[in-house]
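In our numbering, the protein residues as written are 4 to 231.
C-beta: ideal position from N, C-alpha, C; glycine also.
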């Protein structure tokens, strides 16, 4: 009479009920290697994406045609070869009302989500000195800037160029252009160089952060009295 035989898989216990031990080991092997490989590929994807978005710039400014398009972002290369992050939005408010908000520095914490504190001092020449603390790439960074104001009938600009602290370059502007009587093209442009981060990382971060600032302008204006 022949003795019953059992396979090796059946003679050894399995960690998973009903599963042979070799199958369980193969699954553990796959998890042990596939998860790190997947995370590595994901990191590589985001780094490549950040490099492409933060390096390759366009030469033509991009502007929205309607307010429903929201904020339009781009990496813009200037005529002198500089690269800055530019965000444009069409706001359904007259220029004077938008100008009043973007030069009301006591309300800047409503517009800039990374701003922890700001103090504004009016200077005799009409410009404004700003001092405060903001977060740049997850680090707190004291800043100081002198903002120059220029306002005409159908356009206005508030600009600054003052590096300091961890900012090797801190150059930016608000540019407003009246579109008819009740709409304004709002453009926020910023060029930063922050030690020790690569330029493409800083630009990639700004491409995601600056649209929030411009959209906050629209929200603040919509909540203000007299808005349509």
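Note: residue 191 is bridge-paired with 90, 177 in the DSSP secondary-structure output. When DSSP states are grouped into helix, strand and coil, residue 115 belongs to the coil group. Under DSSP, residue 183 takes part in no beta bridge, so it has no partner. Residues 151, 176 of the same chain have their beta carbon placed closer than 6 Å to that of residue 162, with the five preceding and five following residues left out of the count.
For residue 215, the enclosing alpha helix (DSSP H) stretches over residues 202-226.
Here residue 170 carries a strand assignment [DSSP, helix/strand/coil]. Shown here, residue 129 sits in coil according to DSSP, grouped into three states, outside any helix or strand. Looking at the DSSP output, residue 150 sits in a beta bridge with 131. Here the C-alpha atom of residue 137 lies approximately 21 Å from the C-alpha atom of residue 190. A distance of 9 Å or more separates the beta carbons of residue 213 and residue 101. The beta-carbon separation of residue 64 and residue 79, rounded to 6 Å, stays under the 8 Å limit for a contact. By the neighbour-count definition (other C-beta atoms within 10 Å, threshold 16), residue 221 is a buried residue. In summary, residue 72 is exposed, with fewer than 16 beta-carbon neighbours lying within 10 Å of its beta-carbon over all protein chains present. Counting along the chain, the unbroken alpha helix (DSSP H) around residue 104 starts and ends at 98-105. Counting along the chain, residue 156 sits inside no beta strand (DSSP E), nor does DSSP assign it H or E at all. Counted as a single uninterrupted DSSP element, the beta strand (DSSP E) harbouring residue 79 occupies residues 75-80. For residue 105, the number of other beta carbons within 10 angstroms of its own is at least 16, and it is reported as buried. Distance between residue 143 and residue 114, taken at the CA atoms: about 18 Å.
At least 9 Å separates the beta-carbon of residue 53 from that of residue 197. Between the alpha carbons of residue 122 and residue 146 lies a distance of about 11 Å. Per the DSSP secondary-structure output, residue 120 pairs in a beta bridge with 136. Each residue's CA atom was taken as its position, placing residue 172 and residue 58 some 17 Å apart.
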